[in-house]
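Student: Sending over a structure as structure tokens; questions will come in a sec.
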């Protein structure tokens, strides 16, 4: 139970109804904005949004929610994602350095705003073969003497600047990497890892399968979010690197699922 600005108690159902009205009126609301608006924690907002999504009133997206009718335009573009939760993403990328395999190994870097940050800070004294389908990552790494770059073929999506499609998936089938570093739009202990686009999901699924070890880089705003296309079960994940915003309940659920959680 929360309270209004006047101090009167507000029950969960009333708060959720009001929250749905705010999201409909504004067309998109972030978890942080809703937490401030209703004087509740971000964990409470995420639970409320999950309840509203089950009722078909809203659709959860990265960092917040949109009206259910806005599903067709719910996937944020690369520029929008790159300016969201930047401090947390920088910390996650730095923490992920400790999970690099030994020099001379092969890694796959999935397309994503946090994996781009990891690519930018790969140590110069750590020679690696890097496989990627992400144009921004390839642009950062091309020509570096300590990186052997493999750029996957495919159709480049305008939304994510990542190659996807049958050619991309087919090329990944012939690759065996030591670690796959994955990005995701949503992570749920019950439904797994999800993204809005079918072709992107197929590529991410192939990336997860190609790695001996799967490491997911995701800030805490993505935990509990479910997009329409599942590409991996939570049991397919070896390590999740996230930020301190992860709730104790989510961490306990991930621990119970056998996922190592690294908090940046």
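Numbering (full-length UniProt numbering), first residue to last: 1 to 264.
Every residue, glycine too, gets a C-beta built ideally from N, C-alpha and C.
All values derive from a computational prediction rather than experimental measurement.
Does the pairing of the region 201–219 with the region 46–54 give three or more beta-carbon distances under 8 Å?
Tutor: No, because fewer than three Cβ pairs between the region 201–219 and the region 46–54 fall closer than 8 Å, the two stretches do not touch.
Student: Take residue 189 and list the residues in its own chain whose beta-carbon comes closer than 7 Å to its own, dropping the five residues that flank it on each side.
Tutor: In the chain shown, residue 189 corresponds to position 189, counting from 1. Here the set comprises 234, 253, 254, 257.
Student: Our contact map puts residue 181 next to residue 86 with C-beta atoms below 8 Å; I'd like the distance itself, whole angstroms only.
Tutor: Reading the chain shown from its first residue, position 181 is the one you call residue 181. Reading the chain shown from its first residue, position 86 is the one you call residue 86. Actually they are not in contact, since the Cβ atoms of residue 181 and residue 86 sit about 18 Å apart, beyond 8 Å.
Student: Where does residue 49 fall in DSSP's three states?
Tutor: Here residue 49 refers to the residue found at position 49 of the chain shown. Looking at residue 49 - three-state DSSP - the assignment turns out to be helix.
Student: Counting pairs of beta carbons, one from the region 88–98 and one from the region 192–204, are three or more of them closer than 8 Å?
Tutor: Cβ pair count under 8 Å is below three, so no.
Student: Pull up the distance between the alpha-carbon of residue 71 and that of residue 90, whole angstroms please.
Tutor: Within the chain shown, residue 71 is the residue found at index 71, counting from 1. Within the chain shown, residue 90 is the residue found at index 90, counting from 1. Confidence in residue 71 is poor, its pLDDT being 47 and thus under 50, which makes the residue's placement unreliable; the coordinate value appears in the next sentence. If I take the Cα positions, the gap works out to 29 Å.
Student: Take the Cβ of residue 123 as the centre, count every other Cβ of all protein chains shown within 10 Å, and call the residue buried at 16 or more, exposed below.
Tutor: Position 123 of the chain shown holds residue 123. Exposed, since its Cβ has fewer than 16 Cβ neighbours within 10 Å.
Student: Is the separation between the beta-carbon of residue 218 and that of residue 184 shorter than 8 Å?
Tutor: Against the chain shown, residue 218 aligns to sequence position 218. Against the chain shown, residue 184 aligns to sequence position 184. Yes, they are a contact pair.
Student: Based on DSSP bridge pairs, tell me the residues matched to residue 186.
Tutor: Your numbering for residue 186 matches position 186 in the chain shown. BP columns for residue 186 point to 194.
Student: With burial defined as no fewer than 16 other Cβ atoms inside 10 Å of the residue's Cβ, what is the status of residue 11: buried or exposed?
Tutor: Within the chain shown, the letter at position 11 stands for residue 11. Exposed, because fewer than 16 other Cβ atoms sit within 10 Å of the Cβ of residue 11.
Student: Who are the near neighbours of residue 149 in its chain, counting only those whose CB is closer than 7 Å to its CB and skipping five residues on each side?
Tutor: Start at 1 with the first residue of the chain shown, and residue 149 comes out as number 149. Around residue 149: 130, 138, 141, 142.
Student: Check each candidate in 225, 260, 215, 259 and name the one with the smallest Cα separation from residue 63.
Tutor: As a first step, residue 63 is located in the chain shown; it is residue number 63 there, counting from the start. The shortest Cα separation from residue 63 among 225, 260, 215, 259 belongs to 225.
Student: Could you check where the alpha helix (DSSP H) with residue 28 kicks off and where it finishes?
Tutor: Locating residue 28 in the chain shown gives position 28, counting from the first residue. No alpha helix (DSSP H) holds residue 28; DSSP gives it neither H nor E.
Student: Quick one: what's got a C-beta closer than 7 Å to residue 14's C-beta in the same chain, skipping five residues either side?
Tutor: For the purposes of this step, residue 14 is taken as residue 14 along the chain shown, with counting starting at 1. Cβ within range, chain order: n/a, list empty.
Student: Kindly indicate which three-state DSSP category residue 67 falls into: helix, strand or coil?
Tutor: Mapped onto the chain shown, residue 67 falls at position 67. DSSP places residue 67 in strand when its eight states are reduced to three.
Student: Tell me the rounded alpha-carbon separation between residue 192 and residue 230.
Tutor: Looking up residue 192 in the chain shown gives position 192. Looking up residue 230 in the chain shown gives position 230. In a straight line, the C-alpha of residue 192 is about 7 Å away from that of residue 230.
Student: Determine which residues share a DSSP beta bridge with residue 260 and list them.
Tutor: Here residue 260 refers to the residue found at position 260 of the chain shown. Residue 260 pairs with 239.
Student: Around the C-beta of residue 267, are 16 or more other C-beta atoms found within 10 angstroms, so that it is buried, or is it exposed?
Tutor: One cannot answer for residue 267 here, as it falls past the ends of the chain, which runs 1 to 264.
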